[in-house]
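First residue of the sequence shown: 4, per the numbering used here; consecutive thereafter.
Where is the CB? At the ideal position from N, CA and C, for every residue including glycine.
From a predicted model like this one, the values you see are computed outputs, not experimental measurements.
To start, the structure itself, in structure tokens.
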Amino acid sequence: MNEHYSSNELQQQHYVQSRTDYDQYSIQQKNDLLRSLAQNPNMLNDFFQFLEYTRARSIQQSCLPVYNNLRNQNQHQIPSLLNLEVDNQYKSSTPKRGRPLNDSNGSISTIPKQQKTSQYNPIPTEVMTTTDQQIRKPLPFVQLKRAVSSNLPCFFIEFEQSITSHQLPSAFEARNIVEKHFKDLNVTVQQFSLVGWSGKRLKLGVNNKKDYMTLVTTEKWPTTVKNIPVKIIKPNYVPDCFALVVRYVPRDLEIEIVKEEINRTITSADNIKQIHYAYVRRTNDYRFTVTDLTEYNSALELGRISICNHWLSITPFLSGNRMTYCTKCWRIGHVRDQCKTNIQRCRVCLEEITKKEEHQCTNIPKCAQCDGEHHSLHSQCHIIQTYRANLKEDVTKAVESGKLQRITYPKQPTFSVNYQEFPPMNEHNRPQQQQQFAWNHTRTETLNNETSNVTQVLAVINENLVVMRESNMRVEEKLDKIDVKVNQAALDAELHQTTLDKLIDYIQSLIEHVLWPVTSQVKPDLLQSVKGLQSILTKLGYLKLSLCDDYKIRRKRAESPPPTHEKSNTSKERKKEKKNGGSSVTNQS
């Protein structure tokens, strides 16, 4: 028993010693690997990308339901080599010799390896949603609807603060009273499409531009509703649906000149501003609002405007996705009614406002999202940029899936003048009208019809000349291609002729110097036979002569000038001489 115990102890010590040597060798290998990675940063980057890929793949296999919507947006930061070396030295340090280790570099245990838990346990969903790089929650559908909506601003009817909620009329009763009031005063407005309460204020809205402009411009709003004094609050801004854009304005025109020209054509144009793009353009675009619906529709119907002898196009302004933000704390993601704070803050400096009249703004902008030195909704803020990108992505997916629908503006037809479609009328195609005159007199004919006919003929001739010119250009291109091919063929023929000439010479020399002596010694009868070498030599000589003569003839024909009409001229001269000769004979007789 003691012998068995001592043998086991020796085996265990030998195992520990071999394992220690193996650990030292692995440490040296890892150090060498770290040195090579430190010398080559590209290899280090690829190595950590491979580690992240294998880690994500193993996590995805271990907890598949959690990673269905996993998206890799940014690469993880690569740790430094110092941390790697410290970590590796800590993990691969030599263990205590007093405790034997098994093959897995851990303590000896009776638990089988199959029952040991994996290194990557299923991670709960709450941990995964904490980082935006791995997974992002989609924005609420209410924010997506608000992003693509183009609702007109609402009108508010504010009651006195002393009136209790029991004394206030219902929303539909107040709407009926207001509609009846407008009808009695001959103010043509359709039914309100939106009726609701916002605190103690009644909110009314319409869904067409005509009624909106009528309600904005009229002063015949009721002063009392059910014998309760009220105050009407109208929108203090012009919505984007009344905005137009002048396209392709030359850059040399100053903005003051552009404003003056626009106001001369559209008198209700206001808030004229230049649109700044993120890239350099050869022309400028200007956005402005129109408060008169008649001028707005007329400008869209015409589709053009004249600015400093430039006939420029006008298109409706297409607004971007609207953000959801609070006008109380100026943060994104919720509206004023959903704000959890009771403090009203300034839009610029974000200081608390107790009384609007007593607030003095410092005019130092401060962001409510990132505390930066810019406005809370400025596009420079990285949080606003991320929110806009996510909003655009979610809106695009919702539109493609059919959950949302954008307002589409009809495209304006491009008009091009073709004078041949509207020719001037002449006496032939003009409708004849019988006119009775008081006195019989003759009309003085003018040259209008003749000039119109001449212009038509000249226009047709001009078109035919253009067509002929284009066809001539195409023919010239084809002739140039044919000329190139002919020159190439001539060069090829010349090359073949020289090659054949040399080949015939080589065959003749081969027969005379090699085959002839051999045949004279072996079988001299074949020299003078019909199919012998002498007949072959003579045929090759004739072939060479004919080849040279044929090539010279073709070369002379190609270099000779084109034929002239001398024969025709000489035949005409002979006919004239015959006539002259005949006339002289008659005279002699």
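Judged by DSSP secondary structure, T167 falls outside any beta strand (DSSP E); it is assigned neither H nor E.
Its Cα nearest to that of K331, the residue E354 stands out among P319, F175 and E354. A distance below 8 angstroms between beta-carbons, with the five flanking residues on each side excluded, links C364 to the following residues of its chain, in chain order: C349, V351, C352 and E354. Here L155 is actually not in contact with V192; their C-beta atoms are around 13 angstroms apart, not less than 8 angstroms. Burial is judged here by how many other beta carbons sit within 10 angstroms of a residue's own beta carbon; D552 has fewer than 16 and is exposed. Distance between D243 and P225, taken at the CA atoms: about 28 angstroms. For K400, the enclosing alpha helix (DSSP H) begins and ends at H385 to S404.
At the C-beta level, N287 and I275 stay beyond 9 angstroms of one another.
A straight-line Cα-Cα distance of about 14 angstroms links D340 and V145. By the 16-neighbour rule on beta-carbons within 10 angstroms, Y240 is exposed. Contact between I269 and V293 holds, since their C-beta atoms are separated by about 6 angstroms, short of 8 angstroms.
Between the segment 318-333 and the segment 384-396, the count of C-beta pairs closer than 8 angstroms reaches three or more; the two stretches touch. Counting only residues of its own chain and dropping the five nearest sequence neighbours on each side, Y554 has a CB closer than 7 angstroms to the CB of Q500. Taking one beta carbon from each stretch, the segment 220-235 and the segment 155-173 have 3 or more pairs nearer than 8 angstroms; the two touch.
Here the alpha carbons of L321 and L147 stand approximately 17 angstroms from one another. With a beta-carbon spacing of about 10 angstroms, I386 and L380 fall beyond the 8 angstroms limit used to define contacts. Taking R284 as reference, the option from W314, D273 and V252 with the minimal CA-CA separation is V252.
Rounded to the nearest whole angstrom, the C-alpha separation of K481 and Q459 is 33 angstroms. In the same chain as A150, and ignoring 5 residues on each side of it, the C-beta atoms closer than 6 angstroms to its own belong to N324, R325, L394 and V398, in chain order.
Beta-bridge partners assigned by DSSP to G208: L197. Secondary structure within the segment 452-520: not one fully enclosed beta strand (DSSP E) run of 3 or more consecutive residues is present.
At least 9 angstroms separates the beta-carbon of L197 from that of V181.
K213 is not a Cβ neighbour of L303, given a cutoff of 9 angstroms.
Residue environment for V261: buried (at least 16 other C-beta atoms within 10 angstroms of its C-beta). By the criterion of a C-beta distance shorter than 7 angstroms, I464 is surrounded by no residue of its chain, once the five residues flanking it on both sides are discounted. Within the same chain, and ignoring the five residues on either side of I507 in sequence, the residues whose Cβ sits closer than 7 angstroms to its Cβ are L543, L546 and K547.
Here the C-alpha atom of I356 lies approximately 15 angstroms from the C-alpha atom of P368.
Nearest Cα to K223 within the set I510, N312 and D187: D187. Taking the Cα of S168 as reference, the smallest distance to any Cα among Y299, K140, P143 and S201 is reached at S201.
In the DSSP assignment, the residues bridged to W314 are S309. If only complete runs of 3 or more residues are kept, the segment 207-263 shows the beta strand (DSSP E) at 231-236 and 246-253, in order along the chain. Comparing alpha-carbon positions, the option among I258, T57, R307 and I30 lying closest to R250 turns out to be R307. L550 and L503 do touch by the CB rule: their CB atoms are close to 6 angstroms apart, below 8 angstroms. Here the C-alpha atom of H378 lies approximately 8 angstroms from the C-alpha atom of A371.
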